[in-house]
Each structure stands twice: as C-alpha cells, then as structure tokens.
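Peer 1:
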Ligand code: NAI
Ligand code: MG
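Residue numbers (our numbering): 2 to 371.
1) Specify the secondary structure class of residue 2 as computed by DSSP and reduced to three states.
2) Could you name the residues of the same chain whose beta carbon sits closer than 6 Å to that of residue 222, not counting the 5 residues immediately before and after it, in chain order?
3) Could you spell out the range, first to last residue, of the alpha helix (DSSP H) harbouring residue 189?
4) Compare the Cα-Cα distances from residue 175 to each of 15, 138, 155 and report the closest residue.
5) Near residue 234, what residues of its chain come up, given a Cβ to Cβ distance below 8 Å and the 5 sequence neighbours on each side ignored?
6) Contact check, residue 274 vs residue 116 under 8 Å by CB: the rounded distance?
7) So the candidates are 72, 38, 75; which of them puts its Cα closest to the Cα of residue 58?
8) Closer than 8 Å: is that where the CB of residue 86 sits relative to any heavy atom of the ligand NAI?
9) If you reduce the DSSP assignment to three classes, tell me which class residue 282 lands in.
10) Which value, in whole angstroms, describes the spacing of the CA atoms of residue 128 and residue 111?
11) Return yes when the Cβ of residue 29 is within less than 9 Å of the Cβ of residue 6, no when it is not.
12) Taking 8 Å as the cut-off, does the CB of residue 14 come closer than this to any heavy atom belonging to the ligand NAI?
13) Using DSSP with H/G/I as helix, E/B as strand and the rest coil, what is residue 273?
14) CB of residue 350 to nearest heavy atom of the ligand NAI: below 8 Å?
15) Does the region 281 to 293 come into contact with the region 316 to 327, if we say contact requires no fewer than three beta-carbon pairs (one atom in each stretch) closer than 8 Å?
16) Buried or exposed: which applies to residue 85, given that a residue is buried once 16 or more other Cβ atoms fall within 10 Å of its Cβ?
17) What residues are listed by DSSP as bridge partners for residue 102?
18) If you scan the region 49 to 97 from start to end, which runs of the alpha helix (DSSP H) of 4 or more residues do you find wholly inside it?
19) Tell me whether the beta-carbon of residue 348 lies closer than 9 Å to the beta-carbon of residue 308.
20) Can we count residue 72 as close to the ligand ADP, meaning its CB is less than 8 Å from some heavy atom?
21) Note down the Cα distance separating residue 155 from residue 144, rounded to an integer number of angstroms.
22) What are the boundary residues of the beta strand (DSSP E) that residue 133 is part of?
23) By alpha-carbon positions, which one of 206, 162, 69, 213 ends up nearest to residue 13?
24) Rounded to whole angstroms, what's the CA-CA distance from residue 339 to residue 345? Just pull it up for me.
25) Confirm the yes/no value for this check: CB of residue 346, any heavy atom of the ligand NAI, distance under 8 Å.
26) Can residue 95 be considered in contact with the ligand NAI, in the sense that its beta carbon sits closer than 8 Å to one or more heavy atoms?
27) Mind checking who residue 174 pairs with in its DSSP beta bridge?
28) Looking at residue 173 and residue 210, is the spacing between their C-beta atoms short of 9 Å?
29) Which word fits residue 247, buried or exposed, when buried means at least 16 other C-beta atoms lie within 10 angstroms of its C-beta?
30) If you measure between the beta carbons of residue 373 and residue 206, is that distance less than 9 Å?
31) Please list the terminal residues of the continuous beta strand (DSSP E) segment that includes residue 327.
32) Compare the Cα-Cα distances from residue 193 to each of 147, 218, 133 and report the closest residue.
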C-alpha cells in the first residue's frame with residue numbers, strides 16, 4: 002500500500018528539520034508519496050492566508066501530515082507585514098495549527114516525554130510518560146468575551162457568585178467540557194496504555210474547585226476505567242501533579258487531561274527529558290493526524306542548520322505508529338536511542354556542535370545497521 006503523506010515544512014527552522022526528517026524517511030524506505038504543501042508566515046504576507054485553501058485540499062487527499070514549524074506574530078505586526086495590495090481588506094492572521102485541529106477534528110494531542118539514556122539533558126534517566134491532552138475544547142474552546150455583552154450579564158444576574166461582576170470592566174473565557182470530548186480523549190489514553198502494556202493512567206484535573214467541568218471529566222474517566230481494569234487509574238489535581246512530576250516522574254505512564262492543563266503539564270514533562278530539541282506531538286483524530294515537533298520556528302537559528310532534529314524525527318516515529326508500521330517505528334526508536342547513548346553526534350542543545358543534518362544522517366545510518 003502506498004501512503005500519501007502531506008509534508009508541510011513551514012518557515013524558520015521548519016524546512017531544516019523537515020529536510021532532516023526526510024533523510025531518515027528515505028532510509029526507512031516507507032512506501033509513500035510525499036506531497037509538499039504551503040503553510041506559514043510567507044503565505045500570510047503574500048496571500049493573506051497562512052493556511053491556503055489548496056493546502057487543506059491537498060491534505061484531504063492524504064493519510065496524515067508531517068508539519069515543521071511556523072512563525073506567528075501579534076495582531077499589529079501581522080497586519081504591518083501583509084503585502085501592500087492586501088492591506089485594508091479586513092484580513093486577519095490566525096494560527097494554522099489551531100485551524101487544522103478544528104478542521105480535521107484532531108482531538109487528541111499526544112506528547113511523549115521519554116528520557117533517552119545518555120542524554121546529558123535528562124532530569125532523570127528512567128522517565129517515560131505520554132501526555133494525552135484534549136485538543137479541541139476546554140478553556141481553549143475559543144468562546145471569549147471582551148467587552149462582555151449585556152445579555153450575558155443579564156443571563157447570570159441571579160447567580161450568587163456572578164453578581165459582583167455585573168456592570169464592571171471584565172473579560173470572560175468559557176471552559177467547556179463535553180461528555181463526548183472527555184470520553185474520546187480518555188478512551189484514547191486507556192487504549193494507548195493497553196496497547197503498550199502500560200500500568201497506569203493518571204487523570205489530572207481539579208474537581209475540588211472546577212466542580213462541574215473537571216467533575217464531569219473525572220466521572221467519565223471512572224466509567225471508562227471499568228473497561229480497562231488491568232490498568233491502574235489515579236486521580237490527581239493539576240497543581241499537585243506538577244510537583245509530583247518533578248519529585249517522581251518515573252512513576253507515571255500516561256497522563257490524560259483537558260486542554261489548558263495538558264498544554265502546561267506536557268511542556269513540564271518534555272523539559273524533564275531534553276526540552277524542545279526532543280519534544281514531539283501528534284494531533285490525532287478519528288480520520289486524520291498531524292505530527293510535529295513541539296518547538297516553533299526558532300528565528301534566531303533559521304538558516305543555520307543548528308537545531309536538533311530529534312523532535313521532528315520522533316514525530317516521524319509517531320507517524321509510523323499511526324500508520325500501523327510498528328516494526329519500522331520501533332526500529333527508528335532504537336536508532337534514536339543508540340545515537341543518543343553513543344553521544345558521538347550531538348547538536349548544540351546537547352552540548353555538541355553537530356549540525357541538524359549530521360544528526361539526521363547518523364540516525365539514518367544507525368537505522369540501516371539495525
Ligand atoms: P521556539 O520553539 O521557536 O524557540 C525557542 C528556543 O528554543 C530557540 O531559540 C532555541 O533556543 C530553542 N529551540 C527550539 N527548537 C529547538 C530545537 N529543535 N533544537 C534545539 N533548540 C531548540 O519558540 P519561540 O522563540 O517562542 O517562537 C518563535 C516563533 O515560533 C514564534 O513566531 C512563535 O509564534 C512560533 N511558534 C510556532 C510553533 C509551531 O509552529 N507549532 C510553536 C511555538 C512557537
Ligand atoms: Mg504549548
């Protein structure tokens with residue numbers, strides 16, 4: 002079967018880390034057609050759209066996408082950089098990756114944080130945590146008000162705790178947790194634990210304070226857990242979990258949580274095992290997935306081929322898993338592991354001076370030897 006994979010390099014260091022990933026993919030010799038698509042700052046400036054419609058159409062023809070990184074800038078700056086002929090047309094910059102999550106309903110943001118033994122950046126060597134972050138709702142649902150319309154004040158006028166906010170200058174962001182949204186991310190987390198023979202899933206919320214939203218999330222988790230009784234389920238609060246990840250990260254296999262908490266806790270987890278040079282993410286839905294390094298376009302390194310491509314190569318590994326290419330995925334994981342352990346080739350973040358492509362070539366070579 003020939004896979005069709007959309008490759009979206011983006012800008013800044015995006016094209017460099019994608020070039021590195023392609024060196025590895027060439028060695029893997031996946032039976033795949035790679036179709037390159039336009040995305041990022043350049044297309045905002047030239048066309049007034051950072052995610053052109055043709056790119057979305059191209060993606061619809063593919064099995065999944067590999068995404069590099071893009072630059073985004075605040076509203077005012079974005080407007081200023083827009084081509085003169087596009088100015089004043091009411092065009093607004095938006096985040097392409099957020100848009101893709103919505104368009105393809107990529108509800109699971111999966112972020113592995115695994116310590117490769119020998120990585121000088123490890124906080125501890127035996128960490129292997131996968132964070133499942135809900136990707137489409139929660140506090141990032143995008144339902145926000147400033148100023149707050151009068152009808153909202155009116156709707157809540159009898160609420161005992163809302164009263165003091167009526168008629169004053171304020172902003173509101175709604176935290177929406179749907180039962181369906183909670184179910185599918187929690188199920189994804191348990192399925193992952195089951196398929197990988199992992200021992201525990203921790204539901205990280207704050208139900209003592211966010212009684213309704215976190216409350217629903219935790220109740221749904223308890224229900225789903227009944228189908229996975231071989232796996233232990235722990236319930237923790239987000240604040241305490243941040244401490245515990247620093248105290249004893251080796252205890253945790255899978256964390257599952259809502260959007261904002263997952264955003265924060267996954268960054269914490271990735272810093273325990275090497276930071277942005279190592280952190281990869283999958284944005285996974287029922288019909289499509291986008292794999293990416295967690296880092297951005299790192300403008301100060303753009304064009305220098307200095308950044309660590311391991312984050313993107315790990316994204317490739319996740320993509321292989323998603324496609325069902327388990328053997329290739331495991332072999333790639335071993336190749337990364339070996340190269341990190343040997344420590345001969347290290348990028349600047351690991352204290353070395355190897356280039357982005359040196360690292361990719363070393364991993365490709367190791368892969369060919371396994
Ligand atoms: P960044 O992730 O681009 O870079 C921050 C710093 O982290 C870099 O200066 C570098 O020191 C280090 N770093 C990043 N990637 C690395 C790698 N592969 N190896 C070694 N070190 C690495 O974050 P920053 O500077 O906050 O944002 C730059 C631009 O990227 C902004 O326009 C931002 O909006 C955008 N961004 C895009 C993302 C995406 O495409 N998904 C995600 C995050 C930021
Ligand atoms: Mg983040």
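Beta carbons are placed, not taken as given, at the ideal position from N, Cα and C, and that holds for glycine. This one's a predicted model, so the numbers in the text were calculated from it and none came from an experiment.
Peer 2: According to the data block:
1) Coil, per DSSP.
2) Within its own chain, the residues whose Cβ lies closer than 6 Å to the Cβ of residue 222, once the five positions on either side in sequence are excluded, are 187, 204, listed in chain order.
3) Run containing residue 189: 180 to 196, per the alpha helix (DSSP H) assignment.
4) 138 is the residue among 15, 138, 155 whose C-alpha sits nearest the C-alpha of residue 175.
5) The residues are 201, 202, 203, 204, 222, 223, 226.
6) Right, the Cβ-Cβ distance comes to about 4 Å (below 8 Å), so this counts as a contact.
7) Closest by alpha carbon: 38.
8) Answer for residue 86: no, Cβ out of range of the ligand NAI.
9) Residue 282 falls in the strand class under three-state DSSP.
10) When rounded, the distance between both Cα atoms is 16 Å.
11) Cβ atoms of residue 6 and residue 29: not closer than 9 Å.
12) In this structure, the C-beta of residue 14 approaches the ligand NAI to less than 8 Å from one of its heavy atoms.
13) Reduced to three states, the DSSP call for residue 273 is coil.
14) At least one heavy atom of the ligand NAI is nearer than 8 Å to the Cβ of residue 350, so yes.
15) Taking 8 Å as the limit for Cβ pairs, the verdict is that the region 316 to 327 does touch the region 281 to 293.
16) That one is exposed.
17) BP columns for residue 102 are empty, so no partner.
18) Counting whole runs of 4 or more residues, the region 49 to 97 contains the alpha helix (DSSP H) stretches 54 to 61, 76 to 82.
19) Yes, they are a contact pair.
20) In the structure on display, the ligand ADP does not appear, and the ligands it does have are the ligand NAI and the ligand MG.
21) Cα to Cα, the separation comes out at about 18 Å.
22) That run of the beta strand (DSSP E) goes 129 to 135.
23) For residue 13, the closest C-alpha among the options 206, 162, 69, 213 is that of 69.
24) Within the model, the alpha-carbon separation for residue 339 versus residue 345 is close to 10 Å.
25) For the ligand NAI, not one heavy atom lies less than 8 Å from the Cβ of residue 346.
26) Residue 95: no, Cβ never under 8 Å from the ligand NAI.
27) Paired residues: 145.
28) Not in contact: residue 210 and residue 173 (Cβ atoms no closer than 9 Å).
29) By the neighbour-count rule (16 or more Cβ atoms within 10 Å), residue 247 is not buried but exposed.
30) Here the chain has residues from 2 to 371 only, and residue 373 is not among them.
31) From DSSP, residue 327 is part of no beta strand (DSSP E) but of the alpha helix (DSSP H) over 327 to 343.
32) Of the residues 147, 218, 133, the one whose Cα lies closest to the Cα of residue 193 is 133.
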